[in-house]
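These notes concern the structure reproduced below.
There are 2 protein chains.
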Amino acid sequence: MKYIEKLRNSGLRPTKQRLQICELLFDTEKTFHFTINELNQKIKDKIDNKISLATIYNTVHAFEKKGYLKQIPVNSNQTYFDTNITDHHHFYNLKDGKLIDLEKSDVGPINIKKKIDGKKIKSIEVLVKLED
Amino acid sequence: MKYIEKLRNSGLRPTKQRLQICELLFDTEKTFHFTINELNQKIKDKIDNKISLATIYNTVHAFEKKGYLKQIPVNSNQTYFDTNITDHHHFYNLKDGKLIDLEKSDVGPINIKKKIDGKKIKSIEVLVKLED
DNA sequence: CAGCTTTTTAGAACCATTATAAACTAGTCT
DNA sequence: AGACTAGTTTATAATGGTTCTAAAAAGCTG
Numbered sequence: 000m001k002y003i004e005k006l007r008n009s010g011l012r013p014t015k016q017r018l019q020i021c022e023l024l025f026d027t028e029k030t031f032h033f034t035i036n037e038l039n040q041k042i043k044d045k046i047d048n049k050i051s052l053a054t055i056y057n058t059v060h061a062f063e064k065k066g067y068l069k070q071i072p073v074n075s076n077q078t079y080f081d082t083n084i085t086d087h088h089h090f091y092n093l094k095d096g097k098l099i100d101l102e103k104s105d106v107g108p109i110n111i112k113k114k115i116d117g118k119k120i121k122s123i124e125v126l127v128k129l130e131d
Numbered sequence: 000m001k002y003i004e005k006l007r008n009s010g011l012r013p014t015k016q017r018l019q020i021c022e023l024l025f026d027t028e029k030t031f032h033f034t035i036n037e038l039n040q041k042i043k044d045k046i047d048n049k050i051s052l053a054t055i056y057n058t059v060h061a062f063e064k065k066g067y068l069k070q071i072p073v074n075s076n077q078t079y080f081d082t083n084i085t086d087h088h089h090f091y092n093l094k095d096g097k098l099i100d101l102e103k104s105d106v107g108p109i110n111i112k113k114k115i116d117g118k119k120i121k122s123i124e125v126l127v128k129l130e131d
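Encoded structure:
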């Protein structure tokens, strides 16, 4: 299994459930955005056994902590995650709550001129809200 | 009362509670960021009577809808609002969850090269996460 | 396999937010 | 001013995403 190493590398034991989650998250041609709720639905659709919500939350958060998933800052009651962990940005379609990737090259360089002493910049995220 | 017109202008009747909320939100030298919880606390501290949570939510959302307040997209369990409604961005201090304003001039122009047909850009928001 | 630790699970708990329905208030008309 | 109507406030319940818990199950080491 190709994800065993990835999991071990993150300090996670390769359990059946985690491997199944890995397949749904990382075994795809394209990266995608999801909420826990959507992932849970996908699990129900594509996997025979059930995986409890607690496990899904635990696993997704573990991946997020290790950098295998990114959280996307959006104003929503649900948390959005992204399997695309490259440095990029997002469109947010207000009408349906869907996200669309915006490559870094589509935005151009962002130069933060203000400095906060004692602090380092961890990430710069641009959210472009779309309306009709 | 200087807020009566502002409220009427937004289609809101100038009630005692709304005027009190206006004073706390807009009668300050500096703009500031807040969560509903923090605003509720401030109301308890500075106002004799109580204002129910429902009224606070309703009023804040009405102002947000009319553009007198802005919501800030952050990954948090609580919604952050900003009384600074000028076009600007934010630092987000991961350690304490506090926000710091970033003037537009501190970020430089952002040119979104990608277009989504049938959609207009409503806003562009930059969130700069800070760590130690 | 035995023993120990981690993980999974269902369900409860939590907490921000939203909905509800009754009491109240503002604005208007006479 | 009195009374009517529509909008508002309030306490409380409901909702829903997320986190916690404790017991059962599975992984790992020797």
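Note that the protein sequences, when read in sequence, are chains A and B.
In terms of numbering that gives the first Met the number 0, the first sequence opens at residue 0 and continues consecutively.
In terms of numbering that gives the first Met the number 0, the second sequence opens at residue 0 and continues consecutively.
In this text, a Cβ means the ideal position worked out from N, Cα and C, and glycines have one as well.
Computed from a predicted structure; not experimentally measured.
Within the stretch 67–81 of chain A, the residues whose Cβ lies closer than 8 Å to any Cβ of chain B are, in chain order, Q70, I71, P72, V73, N74, T78. E63(B) has no beta-bridge partner at all, per DSSP. With a threshold of 16 other beta carbon atoms within 10 Å, D81(B) meets it and is buried. The criterion of a C-beta distance shorter than 8 Å is not satisfied by T85(B) and I35(B). Close partners of V59(B) in chain A (Cβ separation under 9 Å) are lacking, with about 13 Å as the shortest Cβ gap. Distances from the alpha-carbon of K103(A) to those of S104(B), L101(B), I109(B), I99(B) put I109(B) closest. Residue pairing by DSSP puts K97(B) in a beta bridge opposite N92(B).
Against chain B, the beta carbon of I50(A) has no neighbour under 8 Å; the closest one sits roughly 23 Å away. Judged by DSSP in its simplified three-state form, Q77(A) adopts coil rather than helix or strand.
Contact check for D105(B) against I115(A) fails: the beta carbons are separated by 8 Å or more.
Shown here, F25(A) sits in a helix according to DSSP, grouped into three states.
If you compare the alpha carbons of F31(B), N92(B), V59(B), K118(B) with that of K121(A), the shortest gap goes to N92(B). Between E4(B) and G107(A), the alpha-carbon positions lie close to 42 Å from each other.
Where S122(A) is concerned, the enclosing beta strand (DSSP E) starts and stops at 119–130. Using a CB distance cut-off of 8 Å, E22(B) does not count as an interface residue toward chain A. Neighbours of E37(B) in chain A, taken as residues whose beta carbon is under 8 Å from its own, are absent, since the nearest beta carbon is some 17 Å off. In the DSSP assignment, K69(B) falls within the beta strand (DSSP E) that extends over 69–71. Listed along the chain, the chain B residues whose CB falls inside 9 Å of the CB of E4(A) amount to none; the nearest CB is some 28 Å away.
Taken in chain order, the members of the stretch 107–124 of chain B whose beta-carbon sits within less than 9 Å of a beta-carbon on chain A are G107, P108, I109, N110, I111, K112, K113, I115, G117, K118, K119, I120, K121, S122, I123, E124. Below the 9 Å Cβ cutoff, chain A contributes I111, K113, I115, K118, I120 as neighbours of F90(B), in chain order. When secondary structure is reduced to three states using DSSP, T58(A) falls in the helix class. C-alpha of I99(B) to C-alpha of F62(B): approximately 21 Å in a straight line. Contacts between I46(B) and chain A, judged by CB atoms closer than 7 Å, are missing: the closest CB pair is about 27 Å apart. Counting along the chain, D116(A) sits inside no alpha helix (DSSP H), nor does DSSP assign it H or E at all. Comparing alpha-carbon positions, the option among V59(B), H89(B), P13(B) lying closest to E37(B) turns out to be V59(B).
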